[in-house]
Each structure stands twice: as C-alpha cells, then as structure tokens.
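Participant: First residue of the sequence shown: 6, per the numbering used here; consecutive thereafter.
Here it is, the structure in full.
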Amino acid sequence: MLPEIVSFDRQVTLVGDSGIQFMDFGLSPGRLPAGEFVKLANGVLTRLIYNEQRDYYFYQPSPANIEKAKSQYDIPVEQSLKLFDGTWLPLPLLRFSPPDVYQEGPLNWARFRI
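Next up, the structure:
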C-alpha cells in the first residue's frame, strides 16, 4: 500500500541526530512530455533540448556551442522511470537564494528511490 502523500512546505526542517528520515513525494509522469534523444557519432545517447521560439531540437557539446539535431528516439517518461524502479540514486541538494540564484555546486547529497 502506498503512503499518503503529504504536501510539504518550501522548506522542511529535519530532526538532528535522529538517523535516517524518509519523505514521500507524489509524481505524475503522465503530465511530462516524452524525451527526445539522438545517438552521436561517438555512440553516446544524448537528450535533446527543444527551442520553442525557433522550433528545433539541439544539444550542447560545449557550453559555448549548440548543435541542431533531429530526434532519433522518443522515450516516454514512464519507460525511463521503469528502468530505475526500486533503485537508490544520488540527489544533490542545492542552496537556493531567492529570487532565482543557486550557489555553485551541491550543499550536500541525499538519496532517493523511485
């Protein structure tokens, strides 16, 4: 049986020296668009980013360079989630300074499981 989903505030206070703490979050993958991917010449599968203003997909081989690309694979979010079902993954915790600034690098790390 799935636990009841709790709506957390923007900031959550954890209890110090209490060991592992668990938080359950809901996810509606059906609302997310499928990912578009292309296999590069070196064999690496790369997710494409969509430019809505100019109506094309691209990837960034370097921060100062973009390459237009045509999607070769359309992978639904549900299919990606099935690959990681029951797997613990690292999650970086980033420090956010309102209104829209993140400090460089993660403040700490947590683990999450899908």
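All C-beta atoms, glycine included, are put in the ideal place defined by N, C-alpha and C.
Is it buried or exposed, E109, if we count other Cβ atoms within 10 angstroms and call 16 or more buried?
Facilitator: By the 10 Å Cβ count, E109 comes out exposed.
Participant: How many Å lie between K73 and I80 at the Cα?
Facilitator: Each residue's Cα considered, the two are about 19 Å apart.
Participant: Give the secondary structure of K87 by DSSP, where H, G and I count as helix, E and B as strand, and everything else as coil.
Facilitator: DSSP places K87 in helix when its eight states are reduced to three.
Participant: Mind checking whether Y62 and L50 have CB atoms under 9 Å apart?
Facilitator: No; because the gap between Cβ atoms is not below 9 Å, this pair is not in contact.
Participant: Since L86 and I119 should fall inside the 8 Å C-beta cutoff, what is the C-beta to C-beta distance between them, to a whole number of angstroms?
Facilitator: Right, their Cβ atoms sit about 6 Å apart.
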